[in-house]
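A quick write-up on the structure given underneath.
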């Protein structure tokens, strides 16, 4: 149970950070080219765009689901530690 809790705890966070970093990299590439990034289209555009919405605002359900899954993993790890007790090998 400890192993599954660790996996369920860490994978959603790694996935969220990877997706956020991937999108941030695309935005920075557009800015380096002197263009703007359209979050709706997912690509660089020539127009000036002043609206900057955070990743969480655009993907609320996905982010909340991943964080809830991570909390479930931490609860599994905690339950496993309590079940195992204070024994040392």
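Numbering (our numbering), first residue to last: 19 to 107. The C-beta atom is built at its ideal place from N, Cα and C for all residues, glycine as well.
- request: Using only alpha-carbon positions, find the residue among 75, 27 and 51 that is nearest to residue 64.
  value: Working through the chain shown from its first residue, we reach residue 64 at position 46. Considering only alpha carbons, the answer is 51.
- request: May I have the straight-line CA-CA distance separating residue 96 from residue 74, to the nearest angstrom?
  value: Locating residue 96 in the chain shown gives position 78, counting from the first residue. Locating residue 74 in the chain shown gives position 56, counting from the first residue. C-alpha separation (whole angstroms): 28 angstroms.
message: Between which residues of its own chain and residue 56 is the CB-CB distance below 7 angstroms, once the five residues before and five after are set aside?
response: Counting from one through the chain shown, the residue named residue 56 turns up at place 38. Contacts found: 63 and 67.
field: For residue 61, the first and last residue of its enclosing beta strand (DSSP E)
entry: Locating residue 61 in the chain shown gives position 43, where the first residue counts as 1. Unbroken beta strand (DSSP E) run through residue 61: 61-63.
message: Determine whether the beta carbon atoms of residue 84 and residue 34 lie at a separation below 7 angstroms.
response: Mapped onto the chain shown, residue 84 falls at position 66. Mapped onto the chain shown, residue 34 falls at position 16. Cβ atoms of residue 84 and residue 34: closer than 7 angstroms.
- request: List the residues that DSSP assigns as beta-bridge partners of residue 54.
  value: To locate residue 54, count along the chain shown from 1; it is residue 36. BP columns for residue 54 point to 63.
- prompt: Between which two residues does the alpha helix (DSSP H) harbouring residue 91 extend?
  reply: Sequence index remark: in the chain shown, residue 91 carries index 73 (1-based). Unbroken alpha helix (DSSP H) run through residue 91: 78-102.
- request: Drop a sphere of 10 angstroms on the beta-carbon of residue 59, count the other beta-carbons inside from all chains shown, and report buried for 16 or more, exposed for fewer.
  value: Position 41 of the chain shown, counting from 1, holds the residue named residue 59. Classification for residue 59: exposed.
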